[in-house]
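The opening position of the sequence shown corresponds to residue 62 in my numbering, with each subsequent residue numbered one higher.
Ideal Cβ placement from N, Cα and C applies to all residues, glycine included.
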Amino acid sequence: MFNYNEEKVRMEPTDTKCQYCKTGNSTNADDNHYIPMFKTKDSTYLIVYSYVKYQQVDVGISRCASCRSIHDHAAQRATLIAWVSAIAFVILIFAIWGIWGILGIFGGLIIGFLGTFLIQVKLVSDKDIHTKYEGIKDNPGVLELKLHGWSLKNPAA
Ligand SMILES: [Zn+2]
């Protein structure tokens, strides 16, 4: 299901069908979306993936060039919009509350992080393709790795 790319320490999917639009094909391994996965059971002998020497590898989700560009543009725009709004919010709170505006910084951080996520989801959904997160959720390759003792969460964190 994956080819292990030892040089780049990543698993490249052998099935090139794009997991985001379901119509395109990944023509370049660099266009795939990569997410880190962690080995959780060291004692488990993974016959299929025992050649992976590391505790952490990047696992590729097939993605076509068009979906990659939609994801990248959405991420850039969402980050910009959310953080400009967050800064505007903090300035406004300072203007209203004076020194107590310092409390507004927490609100600003929430707007920044949550806003980036939500705007990104909106921009990508508008293009009728899956978001980066949706593509991971029901990916058969990721599910298979989970069955073999790999996790999306860092056990050391
Ligand atoms: Zn696609």
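- When DSSP states are grouped into helix, strand and coil, R129 belongs to the helix group.
- Excluding the 5 residues flanking it on each side, S146 has same chain C-beta neighbours closer than 7 Å at I172 and G176, in chain order.
- In this model, N89 and P74 are separated by some 11 Å (Cα to Cα).
- Relative to ligand 1, the beta carbon of Y194 is positioned no closer than 7 Å to any heavy atom.
- If you check the CB distance, A149 and Q181 do not come in under 8 Å.
- The region 78 to 95 makes contact with the region 120 to 138; the number of CB pairs closer than 8 Å reaches 3 or more.
- The residues T77, K78, C79 and C125, in chain order, have a CB closer than 7 Å to that of N86 in the same chain once the five nearest residues on each side in sequence are set aside.
- For I180, the uninterrupted alpha helix (DSSP H) run begins and ends at G165 to D187, by DSSP.
- G196 is positioned such that its CB atom lies no closer than 8 Å to that of K100.
- Counting C-beta atoms within 10 angstroms of its own C-beta, Y81 has 16 or more neighbours from the protein chains shown and is therefore classed as buried.
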